[in-house]
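Here the structure comes first, spelled out in structure tokens, and everything after it is commentary.
Residue numbers (the numbering used here), protein chains in the order written: chain A, 144 to 385; chain B, 182 to 450.
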């Protein structure tokens, strides 16, 4: 636990003091952002369609009207669905690969070699991933919200005879710029969690292939739980503040 | 080449994100720094669920929103000359921002109602355009809004009323009980009487006969009235009137004289 805070604090210090390693950041942004874009687009698109169908079914059953689809869908997508799905997918994809990569470096003594070369492993391995992940997850969150909403609107227009402008007008009655701010902040926090936890499990990986495998599994499990817990805490905090 | 391509892709990703953020912010009604709005204040004692961000509509069209809600503001406008302004408090002072175009129609005598829209009851401020002769609303004006009816007050008043009714009942319990008992007895007596009438065959027959006779009489009267209204009837009535008029002066002596003239001996009366 203390080691996690140590890694986090040192990463934050590097953010202020440098070295900033823009090339490394860019490479990781490409791997995390562009590399994860297809799976996130597919997952969130279908999630949006499924959610619209579900919400319409329940509204029709309980209220005998589907008039409120835009409001409910918009709020849920902006507050949860569009944020949690990309974050959890990135935990599975990016978190696992980072833990495995850093773990392998630890097992093959590459991290020790870095120390011998007077290179701080946190500065070299964690910091670029940390910055890249924050930007990439925030970007993917916004894109996934857009894609989810577009798919939700498509289902509402095609199946429930909503007009496109009617849907948008109704949507804007229920969501505000504060919801967008919440989504961005949540995305950035989840983006910060993924590399810190993954690198921690990589740094403290036990020897051998089994050690790397365990580190990867533990990293994904811990990151997933942490994302869900932080999601609750942030939602609670935003409901109090905004 | 590959690195340039990667940079380009990352750049496109970030640019797309920024564009989407701007689009979302515009859709969600974030304040546009390039448009100038008119901001003024509306005061209420009770705002009925209005929140920061609630829409403001002029003549039914959304033209702005509630920017800020201030609580218990010292009100100079309502303070008497010899009173300190901070002793007169306005419970709610809402800062409202509407587009310049819509502000043209909002006058100082415009009414600011708090309405409810939709099935979930979204609150908004409805502004009715004022009269043309009234001055236009300007920035920082403080206008008085119309408080919506308070459901909690209505319930409270109903509760008070129910309490008073209960009090009256409790205070006059004896009288009310007696009255109810008397009413009960009366209804029981009426019931008995009706039952006796229903049981008595003779009474039933008599009533039936009476009703039948009444029906017959009514029919006759109807025919008679119809006949008197006809031309013959009118003539007959006229003749009868004349006859009665002529017979008015006829007494014992006159009749005797008449019979003597005719050579008839008779004993009258």
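All C-beta atoms in this analysis are idealised placements derived from N, C-alpha and C, irrespective of residue type, glycine included. Quick caveat, the model's predicted, so the values are computed rather than measured.
Going along chain B in order, which residues have a C-beta closer than 7 Å to the C-beta of residue 316(A)? As a working note, residue 316(A) is residue 173 in the first chain. 303, listed in chain order.
Give a yes or no on whether 7 Å exceeds the smallest Cβ distance from residue 247(B) to chain A. Numbered from 1 along the second chain, position 66 holds the residue referred to as residue 247(B). For residue 247(B), the answer is no, since every Cβ of chain A falls outside 7 Å of its Cβ.
Which residues of chain B have a Cβ atom closer than 7 Å to the Cβ of residue 203(A), listed in chain order? Within the first chain, the letter at position 60 stands for residue 203(A). Neighbours of residue 203(A) on chain B: none; closest Cβ ~14 Å, over 7 Å.
Around the Cβ of residue 168(A), are there at least 16 other Cβ atoms within 10 angstroms (buried) or fewer (exposed)? As a working mapping, residue 168(A) is identified with position 25 in the first chain. By the neighbour-count rule (16 or more Cβ atoms within 10 Å), residue 168(A) is buried.
Examine chain A for any beta-carbon lying closer than 7 Å to the beta-carbon of residue 335(B), and answer yes or no. Start at 1 with the first residue of the second chain, and residue 335(B) comes out as number 154. No - not a single Cβ of chain A is within 7 Å of the one on residue 335(B).
Within the chosen definition, does the region 364 to 378 of chain A reach the region 244 to 251 of chain A through at least 3 CB pairs nearer than 8 Å? no
List, in order along the chain, the chain A residues whose C-beta lies closer than 7 Å to that of residue 188(B)? If you number the second chain from 1, residue 188(B) lands on position 7. Neighbours of residue 188(B) on chain A, chain order: 169.
Residue interval of the beta strand (DSSP E) (run including residue 220(B)): Counting from 1 along the second chain, the entry for residue 220(B) is found at position 39. From DSSP, the beta strand (DSSP E) with residue 220(B) extends over 218 to 225.
I'd like to know whether the C-beta atoms of residue 237(B) and residue 279(B) end up nearer to each other than 7 Å. Working through the second chain from its first residue, we reach residue 237(B) at position 56. Working through the second chain from its first residue, we reach residue 279(B) at position 98. In this structure, residue 279(B) lies closer than 7 Å to residue 237(B) by Cβ.
Check the DSSP bridge columns for residue 293(B) and list the partner residues they point to. The residue given as residue 293(B) occupies position 112 in the second chain. Paired residues: 308(B).
For chain A, check one thing: does any of its Cβ atoms lie closer than 7 Å to the Cβ of residue 234(B)? For the purposes of this step, residue 234(B) is identified with residue 53 of the second chain, where counting begins at 1. Yes, contact with chain A.
Taking buried to mean at least 16 other C-beta atoms within 10 Å of its own C-beta, is residue 201(A) buried or exposed? Here residue 201(A) refers to the residue found at position 58 of the first chain. Exposed, because fewer than 16 other Cβ atoms sit within 10 Å of the Cβ of residue 201(A).
Between residue 317(B) and residue 218(B), how many whole angstroms is the CB-CB distance? I'm expecting something under 8 Å. Your numbering for residue 317(B) matches position 136 in the second chain. Your numbering for residue 218(B) matches position 37 in the second chain. Contact doesn't hold; Cβ gap of about 15 Å is too wide.
Using the three-state DSSP reduction, which class does residue 264(A) fall into: helix, strand or coil? In the first chain, counting from the first residue as 1, residue 264(A) sits at position 121. It is helical.
In three-state DSSP terms, what is residue 284(B)? Here the question's residue 284(B) lines up with position 103 in the second chain. Of the three classes helix, strand and coil, the one that applies to residue 284(B) here is helix, per DSSP.
Would you call the region 270 to 285 of chain A in contact with the region 300 to 313 of chain A, where contact means no fewer than 3 C-beta pairs closer than 8 Å? no
Mind checking whether residue 198(A) and residue 212(A) have CB atoms under 7 Å apart? What you label residue 198(A) is simply residue 55 of the first chain in a count that begins at 1. What you label residue 212(A) is simply residue 69 of the first chain in a count that begins at 1. Yes, the pair counts as a contact, with Cβ atoms nearer than the cut-off.
I want to verify the contact list: residues of chain A whose CB lies under 7 Å from the CB of residue 205(B), in sequence order. What you label residue 205(B) is simply residue 24 of the second chain in a count that begins at 1. Within 7 Å Cβ-Cβ: 323.
Quick one: what does DSSP say residue 297(A) is sitting in, helix, strand or coil? Your numbering for residue 297(A) matches position 154 in the first chain. Three-state result, residue 297(A): helix.
Chain A contacts made by the region 277 to 291 of chain B, where a contact means CB separation under 7 Å: none
So with CB distances below 8 Å, who are the chain A contacts of residue 198(B)? Along the second chain, read from residue 1 onward, the residue named residue 198(B) stands at position 17. Correct list: 281, 282, 285 and 286.
Could you tell me whether any Cβ in chain B is nearer than 7 Å to the Cβ of residue 319(A)? Position 176 of the first chain, counting from 1, holds the residue named residue 319(A). Output row for residue 319(A): interface = yes.
According to DSSP, simplified to helix, strand and coil, what is residue 451(B)? There is simply no residue 451(B) to check, as chain B begins at 182 and stops at 450 in what is shown.
heavy atom of the ligand NAD below 6 Å from residue 163(A) C-beta: Questions concerning the ligand NAD fall outside what the structure shown contains, since it holds no ligand whatsoever.
Three or more beta-carbon pairs under 8 Å between the region 283 to 293 of chain B and the region 308 to 315 of chain B, yes or no? yes
Are any of the Cβ atoms in chain A nearer than 7 Å to that of residue 275(B)? Within the second chain, residue 275(B) is the residue found at index 94, counting from 1. Cβ-Cβ to chain A under 7 Å: no for residue 275(B).
Can you tell me the Cα-Cα spacing of residue 202(B) and residue 351(A), whole angstroms? Residue 202(B) sits at position 21 when you count from the first residue of the second chain. Residue 351(A) sits at position 208 when you count from the first residue of the first chain. Cα-Cα distance, rounded: 45 Å.
When DSSP labels each residue in this structure, what does residue 305(A) get in the three-state scheme? As a working note, residue 305(A) is residue 162 in the first chain. It is coil, neither helix nor strand.
Report yes or no: is there a C-beta of chain A within less than 7 Å of the C-beta of residue 342(B)? Start at 1 with the first residue of the second chain, and residue 342(B) comes out as number 161. Not an interface residue.
Residue 322(A), buried or exposed, once every other Cβ within 10 Å from all chains shown has been counted against 16: In the first chain, counting from the first residue as 1, residue 322(A) sits at position 179. Buried is the call here.
In terms of DSSP beta bridges, what is residue 279(B) paired with? Along the second chain, read from residue 1 onward, the residue named residue 279(B) stands at position 98. 219(B) and 245(B).
Close Cβ partners of residue 331(B) (< 7 Å) along its chain, the five nearest in sequence each way excluded: Here residue 331(B) is taken as the residue at index 150 of the second chain, counted from 1. 227.
Identify the continuous beta strand (DSSP E) that holds residue 325(B) and give its terminal residues. In the second chain, the residue the question calls residue 325(B) occupies position 144. Note, residue 325(B): beta strand (DSSP E), 323 to 325.
When the cut-off is 7 Å and only beta carbons count, does residue 202(B) lie next to chain C? No chain C appears in this structure, whose protein chains are A and B.
Leaving out five residues on either side along the sequence, give the residues of the same chain with a beta carbon under 8 Å from the beta carbon of residue 415(B). Sequence index remark: in the second chain, residue 415(B) carries index 234 (1-based). Within the same chain, residue 415(B) has close Cβ partners 409.
Environment of residue 374(A) [buried if 16+ CB atoms lie within 10 Å]: Numbered from 1 along the first chain, position 231 holds the residue referred to as residue 374(A). Classification of residue 374(A): buried, given that the 10 Å Cβ count is 16 or more.
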